[in-house]
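Scroll down for the structure; my scribbles are underneath it.
Protein chains: 2
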Amino acid sequence: EQKYKYNIALTVSLLCLDLLPALSGEDTTKSFFQELVNILLSYVCKSFRRSSKVLDFHHPHQLREGLEGFSLELPDQPENLEQLLVDCRDTLKYGVKTGHPRFFNQLSSGLDVIGLAGEWLTSTANTNMFTYEVSPVFILMEEILLKKMQEIVGWSEEEGDGVFCPGGTMSNLYSVLLARYHFFPEVKTKGMTALPRLILFTSAHSHYSVKKSAAVLGIGSENVVVVKCNDRGKMIPAELESSIITAKDQGCVPFYVNATAGTTVYGAFDPLNAIADICESHGLWLHVDAAWGGGLLMSKRHRVKLQGIERAWSVTWNPHKMMGAPLQCSAILVKKRGLLKDCNQMCAEYLFQTDKHYDTSYDTGDKTIQCGRHVDVFKLWLMWKAKGSEGFESQVNKCLENAEHLFDNLKQRPDFELVFKSEPEHSNVCFWYIPPSLRNMSPGPERNRRLHEVAPKIKAKMMEQGMAMIGYQPLGDKVNFFRCVFSNPATQTEDVDYLLEEIASLGHDICIRTETDL
Amino acid sequence: EQKYKYNIALTVSLLCLDLLPALSGEDTTKSFFQELVNILLSYVCKSFRRSSKVLDFHHPHQLREGLEGFSLELPDQPENLEQLLVDCRDTLKYGVKTGHPRFFNQLSSGLDVIGLAGEWLTSTANTNMFTYEVSPVFILMEEILLKKMQEIVGWSEEEGDGVFCPGGTMSNLYSVLLARYHFFPEVKTKGMTALPRLILFTSAHSHYSVKKSAAVLGIGSENVVVVKCNDRGKMIPAELESSIITAKDQGCVPFYVNATAGTTVYGAFDPLNAIADICESHGLWLHVDAAWGGGLLMSKRHRVKLQGIERAWSVTWNPHKMMGAPLQCSAILVKKRGLLKDCNQMCAEYLFQTDKHYDTSYDTGDKTIQCGRHVDVFKLWLMWKAKGSEGFESQVNKCLENAEHLFDNLKQRPDFELVFKSEPEHSNVCFWYIPPSLRNMSPGPERNRRLHEVAPKIKAKMMEQGMAMIGYQPLGDKVNFFRCVFSNPATQTEDVDYLLEEIASLGHDICIRTETDL
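First to last, the protein sequences are chains D and L. The first sequence runs 20 to 537 under the numbering used here. The second sequence runs 20 to 537 under the numbering used here.
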């Protein structure tokens, strides 16, 4: 703290105009970054300390009003460098430490320091993935990463194409776009009005991005048939087949099935081989959304859960989830080579000149929906160098061991109830906390109504206290339950134990309104 | 160099497993980052030095084969920390210095060091824009930035919504999606087959993303009517009006017009008020693609070129272009509040629970096409704090002064020819270099054929030498010409002069095949 105060005195009277490209700006720039790096690394270290809070919660209006002089308003005149560093510190102070070992809130968690180093370099290079001429190294890294991931999926040497894009929803959108183009290439120029009524299929537990893609692409969300799942959240193949037949009987044209490898809430794996059989017999595009489950392909022990994925025509796989890469890092892998380019190419001459002096097949930007595209590959490439494939394997295995530990604990505790009794397949563990007042109540609507209120109330208290963070949601006929997910290698079994104690202690005395209070 | 070698000795025997979250990983992590920061800052300083090369060009196969031990292949076993630092240095070495004062290759250039600081913090915070609970500060910064940009566009207090998204193409895609939903809300559920044949309009000089959006959204690229431009690259309003009438006569339904404020190649501004009049009289959605030209709104001197932009229903504005923010930073601004949410909302219960304890209108993720979304706002927010609105104004003015300087020089030189004679409106300056062998040739197909080869040949030589970088393209009936653009505040008039000398010296002796060689 002392050191910090001393050093920023250097920057009191300086403005950003004193930094590079100012003529004598090198030293000032280095000093400014040195101060910044101290702030950032102190935050990184704190993120991993169990004694530090996960978050220091404030309501939107409190933050907007400017806490302790932290003003979000945009000035006409410049602020000095000291103030900027204070702003940086405050921005981190009021944020959420997603790398904290007790942050269980969502599928992406953890702060991989090598990935972070990769991001710092990426932003320093500040370039664009659209052409080889401005991103020679990153374009090649993307090619090598995609090839490796395709190989891990199980495609042959001759198969495979792909692109990194901003998130799993975009990857899933690509898959629907490509499937539509594959069967009806005229859609690119003529639009959907030239096509019959298309139908796609996805399970009740799948991610909402499939419906969103149908809405965006002009297919319409009602043309997404939601296929029933079993109790465990897996798509029921017979239900898929009968839905396909029904759609055909109604004169519609089924063309695409999304199977999920690792559902968002339950972490369930759809039976890929059975689904692939159905897709083959009906001639449908099989997409596997392995945004969350793809990481398990790195583990000899767990990859069996994705058996059949090699039969997919396209695969979404987000290394920013289970593999711990910083946000965002998502790949859409496509079996049929050349399709991405045919589907998306517009041949803009100002960018993709064909008379360049190098091999322009490396100008991959014309394969994408985007024009400018952020470099999302370097962090993953550097992590792969740092860990090796084997490092990812141990990391994934460890996350799943944490889930097994949580599951075993929950089975033994009378104050918790599992949402489904079978062993977790992924690192998702779903459960209710049962407060004392509900423990002897018989099942039924009144207990459900009360139980539904428990998780939000506990989460609210947990966020106010700031020592851990976990998500909850209802699903189908299940009222609000907690979903714990592990993707942070910093999390140990002691953190899992802490979480249960924290929930039990916050939940023990919560006040649930009885019917007469309503 | 000596210092560097000494320090990395510390990391020779260490692996990433010795870094955080390892138990005693704090010191190792700090040392590793210290080394990395030395590499990155040395690159930053070099980027601004005119004596350093812009790029060290290698062909794809050369890089793939592994230059001087720089292997891109992904290992099974981990590499040590020293090797990782060497990999980082090599990645930068073989890349392109987009921040170099003599990098004129594209609309996004420059390395704003405050923006860079913002990116380092953003990646350290490693969070997701989908909900307030994990991004409280960034969500509010986005709101404040969007509000400010809407105010600058000229919308009233009661109007305005928006979102930052991954690039101008995505922003333009949002605009078409929103326009379609506004007129035909049933498209979200029923798809395009429930709709009449929709037609949209954009100019011949506009960005290809409008056609791409039509292809992606299922409207079809043939349903984009390309409206003629004048010699200066501006849309001709009378042509727009007659195209609209023709489309209606053919039984189609016009619904959307894209006007460009700052075209990609010429930097032309479409006459917004005249186009807005036509849109109003026909009841069409007016989108203004100000991805490139939006920055001029910051300048009292230049914002007059966007007169009428306040009449747009939506606006694309990329601060990563003219305002120098690191890639990516693009906003889609929407006049009608609530439309983004109505159009894109899917109400996923695992993410957008309605029983949270804070004001969930701040969970803005349901307004977007994406689910997970990178934090693109902090860098811009920090830059705004550092420069103030006035700092952006001087920056923009300076870029346009460089363009004027180049234009004035070109007018006076016999070895160059301007593509159009009028003063540049934006920072784009388009020109041919005329090698000695063509100077006395009369205009016609043979001169055109030869002139077409000049720019690619010069660019190839320029990339091999690596001292500057500029783009070229053909456009309409114009054969390949150079397009110089200024968005890098590090560029001085001396760099502009250097560029012309460099082109002249590289081009003086180039060998253009005569017809008999073919």
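Quick reminder that beta carbons are idealized off the backbone N, C-alpha and C, glycines included.
Subject >> Residue-chain proximity (P204(L), chain D), Cβ-Cβ < 8 Å >> reply: In the second sequence, counting from the first residue as 1, residue 204(L) sits at position 185. Judged by the 8 Å Cβ criterion, P204(L) is not in contact with chain D.
Subject >> V105(D): first and last residue of the uninterrupted alpha helix (DSSP H) it sits in >> reply: Within the first sequence, residue 105(D) is the residue found at index 86, counting from 1. Looking at the DSSP string, the run of the alpha helix (DSSP H) that includes V105(D) is L100 to K112.
**OP:** Could you check the C-alpha separation between I264(D) and G173(D) for me, to the nearest Å?
**Re:** In the first sequence, counting from the first residue as 1, residue 264(D) sits at position 245. In the first sequence, counting from the first residue as 1, residue 173(D) sits at position 154. For I264(D) and G173(D), the distance between alpha carbons rounds to 30 Å.
Subject >> Through-space distance from T387(L) to G181(L), alpha-carbon basis >> reply: Walking along the second sequence from the start, residue 181(L) turns up at place 162. Walking along the second sequence from the start, residue 387(L) turns up at place 368. Approximately 9 Å between the Cα atoms of the pair.
**OP:** Give the straight-line distance between the Cα atoms of L165(L) and N147(D), rounded to the nearest whole angstrom.
**Re:** Working through the second sequence from its first residue, we reach residue 165(L) at position 146. Working through the first sequence from its first residue, we reach residue 147(D) at position 128. Roughly 24 Å separates the two Cα atoms.
Subject >> Contact set between I238(D) and chain L, taken where Cβ atoms lie within less than 9 Å >> reply: Within the first sequence, residue 238(D) is the residue found at index 219, counting from 1. Per Cβ cutoff of 9 Å: G210, M211, T212 and G237.
Original post:
Considering only the beta carbon of each residue, do I218(L) and E260(L) sit closer than 8 Å?
Top reply: Here the question's residue 218(L) lines up with position 199 in the second sequence. Here the question's residue 260(L) lines up with position 241 in the second sequence. It is not a contact, given that the beta carbons lie outside the stated cut-off.
Subject >> Integer Cβ distance of S228(L) from V246(L), believed to fall under 8 Å >> reply: Stepping through the second sequence from its first residue, residue 228(L) is reached at position 209. Stepping through the second sequence from its first residue, residue 246(L) is reached at position 227. Incorrect: roughly 16 Å between the Cβ atoms, too far for contact.
Original post:
Going along the chain, which residues of its own chain have a beta-carbon closer than 8 Å to the beta-carbon of V153(D), five neighbours each way excluded?
Top reply: Here the question's residue 153(D) lines up with position 134 in the first sequence. So the list reads T146 and N147, once near-sequence residues are dropped.
**OP:** Count the other C-beta atoms from every protein chain shown that fall within 10 angstroms of the C-beta of E465(L), then say buried if there are 16 or more, exposed otherwise.
**Re:** Counting from one through the second sequence, the residue named residue 465(L) turns up at place 446. Exposed is the call here.
**OP:** Using DSSP bridges, identify the partner residues of I489(L).
**Re:** Taking the second sequence and counting its residues from 1, one reaches residue 489(L) at position 470. According to DSSP, I489(L) bridges with F123(L).
**OP:** Tell me, please, whether the CB atom of A280(L) is closer than 8 Å to any CB atom in chain D?
**Re:** Locating residue 280(L) in the second sequence gives position 261, counting from the first residue. Not one chain D Cβ lies under 8 Å of A280(L).
Subject >> Inter-residue spacing [alpha-carbon to alpha-carbon] between E54(D) and L104(D) >> reply: Locating residue 54(D) in the first sequence gives position 35, where the first residue counts as 1. Locating residue 104(D) in the first sequence gives position 85, where the first residue counts as 1. Approximately 8 Å, taken between the alpha carbons.
Original post:
In chain L, what lies closer than 7 Å to G407(D) by C-beta?
Top reply: Start at 1 with the first residue of the first sequence, and residue 407(D) comes out as number 388. Going along chain L in sequence order, the residues near G407(D) (Cβ under 7 Å) are P94, D95, Q96 and P97.
Original post:
Does the beta carbon of I15(D) sit closer than 8 Å to a beta carbon anywhere in chain L?
Top reply: Shown here, chain D extends from 20 to 537; a query on residue 15(D) therefore has no answer.
**OP:** Using beta-carbon positions only, say whether L93(L) and W403(D) come within less than 8 Å of one another.
**Re:** Within the second sequence, numbered from 1, the residue matching residue 93(L) stands at position 74. Within the first sequence, numbered from 1, the residue matching residue 403(D) stands at position 384. A contact, by the Cβ cut-off of 8 Å.
Subject >> Selection of the region 127-140 of chain D by Cβ proximity to chain L, strictly under 8 Å >> reply: S127, L130, V132, I133, L135, A136, E138, W139 and L140
Original post:
CA-CA distance, Y452(D) and G252(D)?
Top reply: Position 433 of the first sequence holds residue 452(D). Position 233 of the first sequence holds residue 252(D). Spanning the two alpha carbons is a distance of roughly 21 Å.
Original post:
Per DSSP, which one or two residues make a beta bridge with E436(D)?
Top reply: On the first sequence, residue 436(D) is found 417 positions in, with the first residue counted as 1. Beta-bridge pairing links E436(D) to W451(D).
**OP:** Throw me the rounded Cβ distance for the V396(D) and M160(D) pair, which I believe falls under 8 Å.
**Re:** By one-based count along the first sequence, residue 396(D) stands at place 377. By one-based count along the first sequence, residue 160(D) stands at place 141. Right, their Cβ atoms sit about 5 Å apart.
Original post:
If we call anything under 8 Å between Cβ atoms a contact, is P97(D) one with F67(L)?
Top reply: Position 78 of the first sequence, counted from the start, is the residue given in the question as residue 97(D). Position 48 of the second sequence, counted from the start, is the residue given in the question as residue 67(L). It is not a contact, given that the beta carbons lie outside the stated cut-off.
Original post:
What does a CB cutoff of less than 7 Å around S524(D) pick up in its chain, not counting 5 residues either side in sequence?
Top reply: Here residue 524(D) refers to the residue found at position 505 when the first sequence is read from its first residue. Excluding the 5 residues flanking it on each side, S524(D) has no same chain C-beta neighbour closer than 7 Å.
Subject >> Residue range of the beta strand (DSSP E) that includes L306(D) >> reply: Along the first sequence, read from residue 1 onward, the residue named residue 306(D) stands at position 287. In the sequence as presented, Leu is not what sits at residue 306(D); that position holds His. Where H306(D) is concerned, the enclosing beta strand (DSSP E) stretches over W304 to D308.
Subject >> Best match in Y275(D), D289(D), L140(D) and R322(D) for proximity to L305(D) [C-alpha to C-alpha] >> reply: Looking up residue 305(D) in the first sequence gives position 286. Checking every option, the nearest Cα to that of L305(D) belongs to Y275(D).
Subject >> With 16 other Cβ atoms within 10 Å as the buried cut-off, status of A287(D) >> reply: Taking the first sequence and counting its residues from 1, the one referred to as residue 287(D) is at position 268. Under this definition A287(D) is a buried residue.
**OP:** Tell me, please, whether the region 57-73 of chain D touches the region 423-431 of chain L by the rule of three or more beta-carbon pairs shorter than 8 Å.
**Re:** no
Original post:
Would you report the Cα separation of V334(L) and G343(L), rounded to the nearest angstrom?
Top reply: Locating residue 334(L) in the second sequence gives position 315, counting from the first residue. Locating residue 343(L) in the second sequence gives position 324, counting from the first residue. About 19 Å.
Original post:
With a cut-off of 8 Å, does the C-beta of E520(L) fall near any C-beta of chain D?
Top reply: Here residue 520(L) corresponds to residue number 501 of the second sequence, with the count starting at 1. So no, E520(L) is outside the interface.
**OP:** Excluding the 5 residues preceding and the 5 following T47(L) in the sequence, name in chain order all residues of the same chain whose CB lies nearer than 7 Å to its CB.
**Re:** Taking the second sequence and counting its residues from 1, one reaches residue 47(L) at position 28. If we look at T47(L) and ignore the five residues flanking it on each side, its Cβ neighbours are L33, D37 and L38.
Original post:
Based on the DSSP output, what are the partners of I351(D) in its beta bridges?
Top reply: Locating residue 351(D) in the first sequence gives position 332, where the first residue counts as 1. The partner list for I351(D) (beta bridge, DSSP) reads V182(D) and T335(D).
Original post:
In chain order, which beta strand (DSSP E) runs of at least 3 residues are fully inside the region 177-224 of chain D?
Top reply: For the region 177-224 of chain D, whole beta strand (DSSP E) runs of length 3 or above, ordered along the chain, are 180-184 and 217-222.
**OP:** Measure the alpha-carbon distance for I477(D) versus G526(D) and round it to whole angstroms.
**Re:** The count along the first sequence starts at 1 and reaches residue 477(D) at position 458. The count along the first sequence starts at 1 and reaches residue 526(D) at position 507. I477(D) and G526(D): Cα-Cα distance of roughly 6 Å.
**OP:** Give a yes or no on whether 8 Å exceeds the smallest Cβ distance from L169(D) to chain L.
**Re:** Along the first sequence, read from residue 1 onward, the residue named residue 169(D) stands at position 150. This sequence places Gln at residue 169(D); Leu is not what is there. It does not: the Cβ of Q169(D) has no partner Cβ on chain L nearer than 8 Å.
Original post:
Which whole runs of the beta strand (DSSP E) in the region 65-93 of chain L are 3 residues long or more, in chain order?
Top reply: none
Original post:
Residues in its own chain within less than 7 Å of V272(D) by CB, not counting five upstream and five downstream?
Top reply: Here residue 272(D) refers to the residue found at position 253 when the first sequence is read from its first residue. Cβ neighbours of V272(D) beyond the five flanking positions: P215, R216, L217 and I218.
Subject >> Assigned secondary structure, Y550(L) (DSSP; H/G/I helix, E/B strand, else coil) >> reply: Given that chain L is displayed from residue 20 to residue 537, the structure contains no residue 550(L) and the question cannot be resolved.
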